[in-house]
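Here's the structure, in structure tokens; my notes come after.
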Amino acid sequence: MVAGGRAGEPFAPIADFGFLSDCETTALVAPSGNIEWMCLPKMDSPSVFGSILDRDAGYFRVGPAGVEVPAAQRYIPGTMVMETTWWVHGGWLVVTDALLMGPWHHETERSHTHRRAPTDYDADHVLLRMVRCVNGQVQVRLDCMPVFDYGQTPARWEHTGLGYHEAVARGNGINLRLSTDMNVGFEGPLATSRTLLKQGDARFVALSWSEHEPPATYEEAHDRLVWTVHHWQHWLDRGRFPDHPWRSHLQRSALTLKGLTYAPTGAVAAAATTSLPETPGGVRNWDYRYTWIRDSTMALWAFYTLGYDWEANDFFYFITDVAEAAEGNLQIMYGLDGRAELPESTLEHLSGYDNARPVRIGNEAYIQNQHDVWGAIIGSIYLFVRKRDRLDDRLWKIVVKQVEDALANWKTPDAGMWEVRGEPQHFTSSKVFCWVAAERGARLARIRGDMERASRWQQAADEIHADVLDNALDERGVFTAHYGAPALDASALLIPLLGFLPPEDKRVRDTVLAIADELSEDDLVLRYRAHETDDGFDSEEGTFTICSFWLVSALVMIGELERAKALCEKLLSYASHLQLYAEEIDPHSGRHLGNFPQAFTHLALINAVTQVIRAEEGEAPAPLA
């Protein structure tokens with residue numbers, strides 16, 4: 009582990025960060041005890057602590073003075089609450105971190121942000137850090153230096169109340185309130201405290217940013233921490249998890265997906281961060297703090313499979329909200345609040361993670377034409393209707409619009425699911441998703457009793473199917489990246505997962521094995537080989553972990569269970585010490601690359617692990633939709 013957080017210190021490896029969430033905002037905790045990434049008031053807002061992208065962009069540390077590397081770090085089992093244990097000469101210290109959850113706050117007035125049905129719980133908008141000396145004595149230091157608006161506006165602290173236990177910093181429309189039972193002073197933009205704890209001593213510090221009151225005493229802080237622990241454990245108890253050695257990976261993936269869900273709308277963020285590089289020191293740095301429509305089918309499958317129907321339905325209703333707001337003219341991605349415009353810009357004042365520039369906010373991929381969007385939403389609606397056994401007028405209107413758009417556009421090239429910034433192509437995966445739109449649409453039309461549309465859409469699905477088989481296969485009978493290309497692409501692994509062809513089809517088997525043997529580095533799967541694909545960049549990238557988990561699922565489907573199990577075990581061994589995944593893995597060093605934690609990776613993990621376990625129990629594999 010490497011420390012990091014303050015000016016001049018090295019950057020911690022991406023996989024060494026802990027992830028906190030209250031389902032409205034998130035925070036990343038470095039091994040040093042620094043909060044190095046936190047955006048307020050929601051996940052895709054400007055950062056308040058941003059030292060993961062520049063050592064001068066703000067941090068918040070609580071830990072022993074003079075020691076940066078902890079003895080251990082873990083989640084309290086079944087929760088999003090972290091414990092970091094420190095050894096220093098003379099004593100042991102435990103720091104517990106949580107974004108607090110509490111009972112539903114809006115009993116006498118309606119929330120201005122929530123669009124989903126109220127639950128029994130709500131974000132408290134408080135970051136709580138508890139410190140306890142368990143043995144000997146330890147000098148503890150608190151350093152809180154927020155820098156608002158992505159490291160552009162330093163904090164100006166002032167004391168409030170009596171004494172030295174409360175302080176406020178204001179900037180970029182945010183009021184940060186620091187409450188603690190330690191004595192706090194200021195050194196410019198830094199709020200700091202130092203105190204000696206002896207065995208049995210404990211302290212707390214709370215950072216809050218809303219009208220909700222933070223804890224005022226250690227006892228209250230402890231009670232609210234216990235409430236948060238129990239909340240997460242009760243939430244996890246709702247799920248269905250097999251009694252299997254890999255169960256903990258499923259549970260941590262479920263908690264991570266819940267943590268990446270923006271509760272007021274139900275949207276699932278692709279990741280908690282922006283601009284963590286896909287290549288060390290490189291330029292493939294993107295903002296993933298938004299929700300992609302393409303993730304919807306796999307997200308619904310994962311939530312439904314694990315028993316989290318409420319979360320699945322909330323995400324589904326978010327998708328239908330944005331579809332209605334756009335009058336059916338869907339784009340590929342949206343802000344967590346449903347906003348459509350996500351203009352991309354670079355932050356030239358930030359040096360980037362380990363000097364990987366540019367640092368980007370916003371994502372101009374939102375204006376791309378990607379033809380998978382129609383299949384993704386129709387696949388999601390089909391999953392929802394199968395679960396609810398109901399197709400009402402509101403959904404049917406969306407179905408008709410999306411299927412007709414797919415049929416009007418499937419013959420044209422697009423940017424593909426990897427959002428390449430080169431020339432548009434006839435990507436195989438895009439055609440397959442258009443087939444999903446038509447084929448699942450025909451099934452929905454039959455459920456609706458609209459036999460004219462069912463017949464016409466099925467005929468169109470058959471036409472797309474035939475076109476793909478005529479144009480997307482090489483001389484070996486292996487599916488390629490796009491029409492006329494010899495190159496392989498990992499998205500072809502979705503062909504059996506989406507039911508485009510049965511897994512026993514020779515073309516499916518040959519494609520899966522070709523990707524496993526020819527598009528992999530040390531068994532881990534690349535999206536494509538960068539020198540064979542016009543993606544707008546010259547640099548290489550790591551292996552895409554979602555693609556490796558897709559390969560596990562595909563191997564199960566073609567009957568290669570032992571090979572699937574071996575690959576799945578290898579992939580699970582690459583998880584961080586907290587069972588989290590970034591977007592990519594360097595196959596040679598095992599280093600995690602890209603934004604973190606990555607929702608799509610954890611979705612693919614759930615599918616792969618579930619497919620392996622079901623196959624071990626003798627169940628036949630089933631497509632995603």
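Residue numbers for the sequence shown follow the working numbering, so the first one is 9 and each next one is one higher. Glycine included, C-beta positions come from ideal geometry on N, C-alpha and C. The structure displayed is predicted, hence computed values, not measured ones.
- As the crow flies, the alpha-carbon of Val96 is around 16 Å from that of Ala210.
- Under the criterion of beta carbons closer than 8 Å, Leu107 and Thr33 qualify as touching, at roughly 7 Å.
- In this structure, the straight-line span from the alpha carbon of Gln376 to that of Ala423 is close to 7 Å.
- Note on Trp243: 16 or more other CB atoms within 10 angstroms of its CB, so buried under the neighbour-count rule.
- Here Gln433 has Pro421, Gly424 and His490 as same chain residues with Cβ atoms under 7 Å from its own Cβ, once five neighbours each way along the sequence are excluded.
- The DSSP-derived three-state label of Val89 is coil.
- Unbroken beta strand (DSSP E) stretches of 3 residues or longer found wholly inside the stretch 162–228: 165–167, 174–179, 182–188, 193–195, 198–206 and 210–216, given in chain order.
- Annotation for Asp317: Phe311 and Lys395 place their beta carbon closer than 8 Å to its own, counting only its chain and skipping 5 residues before and after.
- Around the beta-carbon of Trp112, fewer than 16 other beta-carbon atoms lie within 10 Å, marking it exposed.
- For Glu319, the enclosing alpha helix (DSSP H) covers residues Asp317 to Ala333.
- Of all alpha-carbon atoms in Gly289, Thr225, Arg302 and Thr92, the one lying nearest the alpha-carbon of Phe608 is that of Arg302.
- Rounded to whole angstroms, the gap between the alpha carbons of Cys47 and Ala35 is 8 Å.
- A straight-line Cα-Cα distance of about 28 Å links Arg178 and Arg123.
- For Gly66, the three-state secondary structure derived from DSSP is coil.
- Between the alpha carbons of Arg368 and Ser353 lies a distance of about 6 Å.
- Residue pairing of Asp151 in beta bridges, as defined by DSSP: Arg69 and Thr200.
- Residue burial annotation: Asn321 is buried, with at least 16 other C-beta atoms found within 10 angstroms of its C-beta.
- By the neighbour-count criterion, in which a residue is buried when 16 or more other Cβ atoms sit within 10 angstroms of its Cβ, Glu591 is buried.
- For Met109, the enclosing beta strand (DSSP E) covers residues Gly99 to Pro111.
- Judged by pairs of C-beta atoms under 8 Å, the stretch 355–369 does not touch the stretch 330–344, as fewer than three such pairs exist.
- Between Gly315 and Arg398, the CB-CB gap reaches or exceeds 7 Å.
- With fewer than 16 other CB atoms across the displayed protein chains lying within 10 angstroms of its CB, Asp530 is exposed.
- By the Cβ rule, the stretch 445–465 does not count as touching the stretch 517–535, because fewer than three pairs are nearer than 8 Å.
- Looking at the DSSP output, Thr299 shares a beta bridge with Tyr342.
- Between the alpha carbons of Asp231 and Pro272 lies a gap of roughly 25 Å.
- Contact between the stretch 586–604 and the stretch 276–295 is established, with three or more Cβ pairs separated by less than 8 Å.
- Ranked by Cα distance from Pro126, the options Gly110, Leu136 and Val139 are led by Gly110.
- Counting C-beta atoms within 10 angstroms of its own C-beta, Leu501 has 16 or more neighbours from the protein chains shown and is therefore classed as buried.
- Of the residues assessed, Met459 falls on the exposed side of the cut-off, its CB having fewer than 16 other CB atoms within 10 angstroms.
- In the structure shown, Asn615 adopts helical secondary structure according to DSSP, grouped into three states.
- Rounded to the nearest whole angstrom, the C-alpha separation of Asp245 and Trp254 is 17 Å.
- Judged by pairs of C-beta atoms under 8 Å, the stretch 73–80 does not touch the stretch 23–33, as fewer than three such pairs exist.
- Looking at the DSSP output, Met138 bridges to Thr104 and Phe212.
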